[in-house]
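Enquirer: Here it is, the structure in full.
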Amino acid sequence: MFALTLKGLFARKVRLFLTAISVMLGVAFVSGTLVLTDTVKAAFDQLYAGLTKGTDVTVRSKSAFTDTSTLQSTKPVPATLVDTVRRVDGVASAEGSITGYALMLDKTGKPIQPGGAPTLGAGYVTDRELAGGFSLRSGRGPRAADEVIVDAATARKYSYRPGDTIGIIFESGGQRRFTVVGIAGFGQADNLAGATLATFQMSTAQQLLGKVGQFDAIDVRGRAGVTPDQLRGRIARVLPAGTEAVTSATVSSEASKSIQSALSMFTKIFLGFAAVSLLVGSFMIWNTFSILVAQRGREHALLRAIGAGRRQILGSVLAEAVAVGLVASVLGLGLGLAVASGLRGLLGAVGMELPSAALQLHARTVIAAFAVGVLVTLVAALAPAWRATRIPPIAALREAAAPAKGVARWRLVVGALLLVGGVAGLVRAISADSQTAAAGLGTLATFLGVMMLAPVAVRPLVRVLGAPISRSVTGGMGRLNAARSPRRTASTATALVVGLALVVAVTVVASSIKASVGDVLDRANKADLILKASSQFAAGIPTGVADKLRTQPEVGTVSEMRWGMAQVDGATTPVAGLDPATVDRVANLGMASGSVGALGRDGILLSADIAKAKGLRVGSPLTVKFAQTGDRKLRVIGTFTDTTLIGTGYVVSLDTYNANFSDRLDIAVLVAARQGVSTAQVKQVATTALAEYPNVAISDANDLKETQSKSVDQLLGMVYVMLLLAVVIALLGVVNTLALSVLERTRELGLLRAVGMTRRQVRAAVRWEALLIAAVGAVLGLVLGLAFGAAFSRALASIGIVTVDVPIGQPLVCAVIAALAGVVAAIVPARRAARVDILRAVVTE
252 MFALTLKGLF
262 ARKVRLFLTA
272 ISVMLGVAFV
282 SGTLVLTDTV
292 KAAFDQLYAG
302 LTKGTDVTVR
312 SKSAFTDTST
322 LQSTKPVPAT
332 LVDTVRRVDG
342 VASAEGSITG
352 YALMLDKTGK
362 PIQPGGAPTL
372 GAGYVTDREL
382 AGGFSLRSGR
392 GPRAADEVIV
402 DAATARKYSY
412 RPGDTIGIIF
422 ESGGQRRFTV
432 VGIAGFGQAD
442 NLAGATLATF
452 QMSTAQQLLG
462 KVGQFDAIDV
472 RGRAGVTPDQ
482 LRGRIARVLP
492 AGTEAVTSAT
502 VSSEASKSIQ
512 SALSMFTKIF
522 LGFAAVSLLV
532 GSFMIWNTFS
542 ILVAQRGREH
552 ALLRAIGAGR
562 RQILGSVLAE
572 AVAVGLVASV
582 LGLGLGLAVA
592 SGLRGLLGAV
602 GMELPSAALQ
612 LHARTVIAAF
622 AVGVLVTLVA
632 ALAPAWRATR
642 IPPIAALREA
652 AAPAKGVARW
662 RLVVGALLLV
672 GGVAGLVRAI
682 SADSQTAAAG
692 LGTLATFLGV
702 MMLAPVAVRP
712 LVRVLGAPIS
722 RSVTGGMGRL
732 NAARSPRRTA
742 STATALVVGL
752 ALVVAVTVVA
762 SSIKASVGDV
772 LDRANKADLI
782 LKASSQFAAG
792 IPTGVADKLR
802 TQPEVGTVSE
812 MRWGMAQVDG
822 ATTPVAGLDP
832 ATVDRVANLG
842 MASGSVGALG
852 RDGILLSADI
862 AKAKGLRVGS
872 PLTVKFAQTG
882 DRKLRVIGTF
892 TDTTLIGTGY
902 VVSLDTYNAN
912 FSDRLDIAVL
922 VAARQGVSTA
932 QVKQVATTAL
942 AEYPNVAISD
952 ANDLKETQSK
962 SVDQLLGMVY
972 VMLLLAVVIA
982 LLGVVNTLAL
992 SVLERTRELG
1002 LLRAVGMTRR
1012 QVRAAVRWEA
1022 LLIAAVGAVL
1032 GLVLGLAFGA
1042 AFSRALASIG
1052 IVTVDVPIGQ
1062 PLVCAVIAAL
1072 AGVVAAIVPA
1082 RRAARVDILR
1092 AVVTE
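According to the working numbering, the sequence shown is numbered sequentially starting from 252.
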């Protein structure tokens, strides 16, 4: 049996290779994502190990809690602490370090804003051993207040050299000009994970970054013979309350983990697309093996007749599946390295540049690739393999294959129950806000129900969709062939249903997001202008922007909004800082109880939903934990219903925010014109007044709607590219199914050619069949995608989707393209069908 299995594999190597491609692409995504994750970890481990080289211990403030949102926002320590540390026995050198917001401009005055990475300013460390991996590539260190060192990546990309003049914007002030005196790198890397870095003389940095008399941390180098742990212990004994000493290994590990955590979202997204690809591929494998088992029914019956047991038949079919899985895993693992490079380039394209490092292929990636590839193939082939064991030996005496079986009654019952339950879940999700569980379960049940009932729906769908083409001979034949085997057509179309349903659902969610932005601005916004950073990835805009606008006579109200992360009941959540004296004039929070104006140093506003969930009301105490200041007992002074404009359900006053956060960047500034001044006039005034802030986008409501719409479209384009893989696999399934179908109908095609059918007609019949199969998938995918998209749009009301917008045009275009792609998928099978040798075909069994 083993020899027979191998012979069968080599006899059908082309079709089995086509089957392996579907799994190969999914495996490539899985292995590529894991390779990228391991490469990122290795790269940042090396980078941060180099940056902390020469530093044995770091002194810093303690954080009340630590995660990726607070790692870079610890409270500064007093500069006088440096002398205390220097006097500790075993300390060879100690210097303060400082970083902050510094946005460099290119030579045309445009802001240099990497996507996702910060724009940093820092103080120059004179002890070069403590500087670690930070090293000068050219030039010298800064010696005067108007001199700066620029990171090598920025210098190379924007053509800066020592002697050039560069403009830089800071958190609390406007633009200042500096002379570039040096170009620096970080070991082999040209920048720090895509971040820009401007380095100043230390005293200048303290002034520019708003930390006069303070340092973010103190870097310490020990004397020979003193271990980092020994030095840490000695330093810890002299530190004041609220500060701590940690080894450089701890600092390096924390920094590396923070970057990996930031990239974890991308990892999950990539693995999600891999799962979709594997799901679609599994339908293709199932269909291919089902057809192969049906075609080889007589062969299996003969094997049973001469003594082969059911277990041997099962083992033979599963052995073929294992072979396909192994081939797919090997090819997928190799392709995964290319995928990792592509994903790395994609991250670089959105501004998340990674340090250079060789691709890391670890054992767990190899194991995962083979486990996924073989397991998915085996599971998909299990049902067809089991059916092969049910073929009786008497089938060997039949002249023709047994007729296809109908749909089992249990399948109809279970499918109907799942469909009814799924539709009920979707209706519930669409009829009420934030029903995520109903949307998820409804989507799953509906899809499973449709998949089980699809064979029943195929013939009616083919009859309706094929009506326009049935008048022609070739169209009628294509229609009959598509309806001949409903289960085969259904399983082939289902793969396309998955891909297209996801595309359409994402389109609906994206359209709902764009519509919600417009509705939010119309309902919650009272401002004439909304000022935000011109880059969507930027941390915010300097406080000098609001101060500058307040001096303009045409401006009536200026209200800032700030954002920080805190913990409530152990969960990290964003907290907004607003000015209670002005926010009511520029925004409508939909106050349900209390008053915004009552916010003080110890007050907090909660969204009505949060207050209800926590059992709080006006006057209730609430403990909020801030990373820099620890637990603070606040009092609920009001509840509000509209969180969409500020993006969180927790609001404190600017005074409270400033007392607990050191970051002073404004996430947005809302501006209302003075009475009698038009929006156009105040916008012109703001544009002129803020000429020195090219990093600030000045928008009215219409501008902001357009900007948000473009951002959503860009994200949608990236998702489409990822989902295209699933659609391509589905179309490969159409190719494979038609190729096997042509092989199955060799004798039939020969007879048709013998009675006068031309090659052109044969090709046309196969193309019409492919079009109808793809059209069935397109129709089901379109209907399901619209329903799923509407349900999830309503379920995501908690994150600001307040309007469900179900577009028809774009999803319909996607469905038409998918159906027409079926015709392209039929090119090769159609040509093969047309080349059937008539004499050989008519004698084929």
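We treat Cβ as the ideally placed atom computed from N, Cα and C, and that holds for glycine.
Let me check one thing: in DSSP terms, what residues is Asn776 bridge-paired to?
Expert: Sequence index remark: in the sequence shown, residue 776 carries index 525 (1-based). In DSSP, Asn776 forms a bridge with Ala838.
Enquirer: Mind checking Thr1102: buried by the 16 CB within 10 Å criterion, or exposed?
Expert: Because the chain in this structure spans residues 252 to 1096, residue 1102 falls outside the shown range and cannot be described.
Enquirer: With distances taken Cα to Cα, identify the nearest neighbour of Ser763 among Leu712, Thr938, Lys956.
Expert: For the purposes of this step, residue 763 is taken as the residue at position 512 of the sequence shown. Among Leu712, Thr938, Lys956, the Cα nearest to that of Ser763 is on Lys956.
Enquirer: What residue range does the beta strand (DSSP E) around Gln426 cover?
Expert: To locate residue 426, count along the sequence shown from 1; it is residue 175. Under the DSSP assignment, Gln426 falls in the beta strand (DSSP E) whose first and last residues are 426-437.
Enquirer: Looking at the unbroken alpha helix (DSSP H) that takes in Lys884, where does it start and where does it end?
Expert: As a first step, residue 884 is located in the sequence shown; it is residue number 633 there, counting from the start. Here Lys884 belongs to no alpha helix (DSSP H); instead the beta strand (DSSP E) covers 881-891.
Enquirer: Should the stretch 607-626 be regarded as contacting the stretch 275-289, the criterion being three or more beta carbon pairs within less than 8 angstroms?
Expert: yes
Enquirer: For Ala652 and Ile980, what's the separation of their Cα atoms in angstroms?
Expert: Residue numbering aside, residue 652 sits at position 401 when the sequence shown is read from its first letter. Residue numbering aside, residue 980 sits at position 729 when the sequence shown is read from its first letter. Confidence at Ala652 is low in this model, with a pLDDT of 48, below 50, so the placement of that residue should be treated as unreliable; the coordinate-derived value is given next. C-alpha separation (whole angstroms): 29 angstroms.
Enquirer: Quick check: the Cα distance between Arg1086 and Val985, rounded to an integer number of angstroms?
Expert: The residue given as residue 1086 occupies position 835 in the sequence shown. The residue given as residue 985 occupies position 734 in the sequence shown. Approximately 19 angstroms between the Cα atoms of the pair.
Enquirer: Do Ile349 and Phe466 come within 8 angstroms of each other at the CB atom, strictly closer than that value?
Expert: Residue mapping note: residue 466 aligns to position 215 of the sequence shown, counting from 1. Residue mapping note: residue 349 aligns to position 98 of the sequence shown, counting from 1. With contacts defined as CB atoms closer than 8 angstroms, Phe466 and Ile349 qualify as a contacting pair.
Enquirer: Would you kindly report the start and end of the unbroken beta strand (DSSP E) that includes Pro872?
Expert: Counted from its first residue, the sequence shown places residue 872 at position 621. Element bounds for Pro872: 872-877.
Enquirer: Helix or strand or just coil, what does DSSP make of Ile349?
Expert: The residue you call residue 349 lines up with position 98 of the sequence shown. Ile349 falls in the coil class under three-state DSSP.
Enquirer: Taking Cβ positions, are Thr447 and Thr501 nearer each other than 8 angstroms?
Expert: On the sequence shown, position 196 is the one that residue 447 refers to. On the sequence shown, position 250 is the one that residue 501 refers to. Contact flag unset, no.
Enquirer: Return helix, strand or coil for Pro644, following the three-state DSSP convention.
Expert: Start at 1 with the first residue of the sequence shown, and residue 644 comes out as number 393. Helix at Pro644.
Enquirer: Tell me whether Ile363 is buried or exposed, calling it buried when 16 or more other Cβ atoms sit within 10 Å of its Cβ.
Expert: Within the sequence shown, the letter at position 112 stands for residue 363. Counting Cβ neighbours within 10 Å, Ile363 comes out buried, since at least 16 surround it.
Enquirer: Can you list, in chain order, the residues of its chain with a C-beta nearer than 8 angstroms to that of Leu916? Leave out the 5 residues immediately preceding and following it.
Expert: Position 665 of the sequence shown holds residue 916. Counting only Cβ-Cβ distances below 8 angstroms, and skipping sequence neighbours, we find Tyr352, Glu422, Ala790, Gly791, Ile792, Pro793, Thr794, Arg813.
Enquirer: So Pro753 and Ala1026 are in contact, right, with Cβ under 8 angstroms, and what is the actual spacing, rounded?
Expert: Numbered from 1 along the sequence shown, position 502 holds the residue referred to as residue 753. Numbered from 1 along the sequence shown, position 775 holds the residue referred to as residue 1026. Residue 753 is actually Leu in this sequence, not Pro. With 8 angstroms as the limit, Leu753 and Ala1026 do not qualify as a contact, their Cβ atoms being about 18 angstroms apart.
Enquirer: In angstroms with no decimal places, state the Cα-to-Cα distance between Asp402 and Ala778.
Expert: Your numbering for residue 402 matches position 151 in the sequence shown. Your numbering for residue 778 matches position 527 in the sequence shown. So the two alpha carbons sit approximately 39 angstroms from each other.
Enquirer: Strictly by DSSP, which residues pair up with Trp637?
Expert: For the purposes of this step, residue 637 is taken as the residue at position 386 of the sequence shown. For Trp637, which the question treats as bridged, DSSP gives no partner whatsoever.
Enquirer: Around the C-beta of Arg338, are 16 or more other C-beta atoms found within 10 angstroms, so that it is buried, or is it exposed?
Expert: Locating residue 338 in the sequence shown gives position 87, counting from the first residue. So Arg338 ends up on the exposed side.
Enquirer: Apart from the five residues on each side of it in sequence, which residues of its chain come closer than 7 angstroms, Cβ to Cβ, to Ser1049?
Expert: Mapped onto the sequence shown, residue 1049 falls at position 798. So the qualifying residues of the chain are Ser685.
Enquirer: Kindly identify the DSSP beta-bridge partner or partners of Lys783.
Expert: Working through the sequence shown from its first residue, we reach residue 783 at position 532. Paired residue(s): Ala948.
Enquirer: Give the DSSP-derived three-state secondary structure of Ala1076 in the structure shown.
Expert: Residue 1076 sits at position 825 when you count from the first residue of the sequence shown. Note: Ala1076 maps to helix in three-state DSSP.
Enquirer: Skipping 5 residues on each side, what residues in its chain have a beta carbon closer than 6 angstroms to that of Ala415?
Expert: Mapped onto the sequence shown, residue 415 falls at position 164. Per the sequence presented here, residue 415 reads as Asp, with Ala not at that position. The answer, listed in chain order, is Val431.
Enquirer: Going by Cα to Cα distance, which pick from Thr874, Ala775, Gly870 is closest to Asp820?
Expert: Taking the first residue of the sequence shown as position 1, residue 820 is located at position 569. For the residues Thr874, Ala775, Gly870, the minimum Cα distance to Asp820 belongs to Thr874.
Enquirer: Tell me, which residues are paired with Arg472 by DSSP?
Expert: Locating residue 472 in the sequence shown gives position 221, where the first residue counts as 1. The beta-bridge partner set that DSSP reports for Arg472 consists of Ser344.
Enquirer: According to DSSP, is Gly828 part of a helix, a strand, or is it coil?
Expert: Taking the sequence shown and counting its residues from 1, the one referred to as residue 828 is at position 577. DSSP places Gly828 in strand when its eight states are reduced to three.
Enquirer: I'd like to know whether the C-beta atoms of Ala688 and Thr628 end up nearer to each other than 8 angstroms.
Expert: By 1-based counting over the sequence shown, the position of residue 688 is 437. By 1-based counting over the sequence shown, the position of residue 628 is 377. Cβ atoms of Ala688 and Thr628: not closer than 8 angstroms.
Enquirer: Between the Cα of Phe540 and those of Phe521, Ala570, Leu966, spot the shortest distance and give me the residue it belongs to.
Expert: Here the question's residue 540 lines up with position 289 in the sequence shown. Comparing Cα positions, the closest option is Ala570.
Enquirer: Is DSSP giving Arg915 helix, strand or coil here?
Expert: Residue 915 sits at position 664 when you count from the first residue of the sequence shown. Coil at Arg915, not helix or strand.
Enquirer: By a C-beta neighbour count over all protein chains shown, 10 Å radius and 16 as the cutoff for buried, is Glu398 buried or exposed?
Expert: Here the question's residue 398 lines up with position 147 in the sequence shown. Burial call: buried.
Enquirer: From Thr321 to Lys313, what does the alpha carbon distance come to, in whole angstroms?
Expert: Locating residue 321 in the sequence shown gives position 70, where the first residue counts as 1. Locating residue 313 in the sequence shown gives position 62, where the first residue counts as 1. For Thr321, the pLDDT reaches just 41, beneath the cut-off of 50, and the residue's location in the model is therefore unreliable, leaving the point undetermined.
Enquirer: Apart from the five residues just before and just after Val671, which ones in its own chain have a Cβ nearer than 8 angstroms to its Cβ?
Expert: As a working mapping, residue 671 is identified with position 420 in the sequence shown. Result list for Val671: Gly700, in chain order.
Enquirer: With DSSP collapsed to three states, give me the class of Gly374.
Expert: Looking up residue 374 in the sequence shown gives position 123. Here Gly374 sits in strand by DSSP.
Enquirer: Measure from the alpha carbon of Ala373 to the alpha carbon of each residue in Ala456, Arg615, Leu982, then state which is nearest.
Expert: Mapped onto the sequence shown, residue 373 falls at position 122. Out of Ala456, Arg615, Leu982, Ala456 has the C-alpha closest to the C-alpha of Ala373.
Enquirer: Give the straight-line distance between the Cα atoms of Asp830 and Gln932, rounded to the nearest whole angstrom.
Expert: For this step, residue 830 is matched to residue 579 along the sequence shown. For this step, residue 932 is matched to residue 681 along the sequence shown. If you take the alpha carbons of Asp830 and Gln932, they lie about 25 angstroms apart.
Enquirer: Roughly how many angstroms separate the alpha carbons of Ser528 and Leu276, rounded to a whole number?
Expert: Along the sequence shown, one-based indexing puts residue 528 at 277. Along the sequence shown, one-based indexing puts residue 276 at 25. So the two alpha carbons sit approximately 7 angstroms from each other.
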